[in-house]
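First comes the structure, then the notes that go with it.
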Amino acid sequence: MVKPPVIGILETGRPPAELAPEHGNYPDMVRSWLDLPGAEFRSFAVLDGEIPQDPVAADLWVITGSKFGVYEGHDWIAPAEAFIRACQGAAVPMVGICFGHQLIAQALGGVVEKSDRGWGLGVHRYAPVNWPAGLGQVPETIALQAFHQDQVITPPKDAETIAESEFCPYAALWYPGFALTVQGHPEFDKPFTRDLLESRRGAVRDDALVDTAMASMARAVTRVDLARIVRDHLLQTA
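Read in the numbering used here, the sequence shown has 942 at position 59, and its numbers run on one by one without any break.
The structure is reproduced here in structure tokens:
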């Protein structure tokens, strides 16, 4: 009998409190997105200081999004970065989403900053580049829901850029034999993203930008395709 995979989720942020009752938390969204019936999911509230100790306690680790900046110096950031490096050393695959994308980059020597391009909101399209054979067939496009100001400005030396746009030059990074990270949010479904955009009109301080983002939600996204890539090509190496 094949042992069901264990998926470890590093919870680094939480949705706005008013949205959680309807949409759940970020680990809930990751579970739904990956669509792995029978898998065992273990969540760690990293933002509360709950850092896993053993990289091989899971077959795949996923780092969620967050409202925080990776450069803000919270007490849990450095231990989380140390765990990322331990996972790389143990060759346990990892997926980074938005904040997770940035945290993995920073942990491995990259630079993350608040981008002078401003807010990235709504459905963004990214062009695949230098697509690695280890991730299967090259997708025609990658389209994900975005909600961020921070970006990877300088990727780590061992990272390969595999998707880009004019707004986000390092939209997806591949760390051979280790991690796939994306700036967008494949775990977000459209109802949650619409509610999130509406709830954050004041924070964004530009209703026109939010209106444009809401209009972009009519575009198709490739979140299901990305989940399949994770299942078929990252998890199978665990």
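For every residue, glycine included, the Cβ atom is placed at its ideal position computed from N, Cα and C.
Owing to the predicted nature of the structure, the values given are computational and were not obtained by experimental measurement.
Coil, strand or helix - residue i by DSSP
i            : result
residue 998  : coil
residue 942  : coil
residue 934  : coil
residue 1083 : coil
residue 1093 : helix
residue 1076 : helix
residue 927  : strand
residue 964  : helix
residue 1006 : strand
residue 912  : helix
residue 991  : coil
residue 1107 : helix
residue 891  : strand
residue 983  : helix
residue 1131 : A query on residue 1131 cannot be resolved here, the shown segment of the chain reaching from 884 to 1121 and no further.
residue 978  : strand
residue 1114 : helix
residue 904  : helix
residue 972  : helix
residue 1101 : coil
residue 919  : coil
Residue closest to residue i, alpha-carbon to alpha-carbon, out of the options
i            : options                : result
residue 1047 : 1114, 937, 1025        : 1025
residue 1031 : 1020, 1080, 1117, 1056 : 1080
residue 893  : 980, 1005, 1056, 1044  : 980
residue 1063 : 974, 889, 937          : 974
residue 913  : 924, 904, 976          : 924
residue 933  : 939, 891, 1113         : 891
residue 1033 : 1061, 959, 998         : 998
residue 1020 : 1044, 937, 1116        : 1116
residue 1004 : 905, 928, 1077         : 1077
residue 1059 : 935, 1067, 1104, 1045  : 1045
residue 906  : 1071, 1057, 1111, 1118 : 1071
Neighbourhood of residue i by C-beta distance below 6 Å, restricted to the same chain and skipping five residues each side
i            : result
residue 993  : 1035, 1037, 1038, 1039
residue 1000 : 1050
residue 899  : 1082
residue 1061 : 971
residue 927  : 893, 933, 935
Sequence-distant residues of its chain with Cβ nearer than 8 Å to residue i (five each side left out)
i            : result
residue 896  : 909, 930, 947, 948, 949, 950, 951, 982
residue 1113 : 917, 943, 978, 1063
residue 1121 : At residue 1121 the pLDDT is 46, less than 50, meaning the model places this residue with poor confidence; the figure from the coordinates comes in the next sentence. The answer, listed in chain order, is 888, 942, 943, 975, 976.
Chain-order list of residues whose beta-carbon lies under 7 Å from that of residue i (same chain, five-residue window excluded)
i            : result
residue 1106 : 916, 1027, 1069
residue 1091 : none
residue 921  : 887
residue 1108 : 1022
residue 939  : 973, 975
residue 1100 : 1005, 1006, 1073, 1076, 1077
residue 985  : 953, 995, 1033, 1035
residue 1102 : 1006, 1026
Cβ contact check for the region 1082 to 1092 and the region 1008 to 1019: 3 or more pairs under 8 Å: no
Cβ contact (3+ pairs, closer than 8 Å) linking the region 1021 to 1041 and the region 987 to 998: yes
Validate contact between the region 1042 to 1057 and the region 957 to 974 using beta carbons, cut 8 Å, 3 pairs: Not touching, per the Cβ criterion.
Contact the region 944 to 957 vs the region 1093 to 1101: 3+ CB pairs below 8 Å: no
Segments assigned beta strand (DSSP E), at least 3 residues, entirely inside the region 1013 to 1079: 1025 to 1031, 1033 to 1037, 1043 to 1047, 1055 to 1058, 1062 to 1065
Segment contact, 8 Å Cβ cut-off, at least three pairs: the region 936 to 953 with the region 1011 to 1023: no
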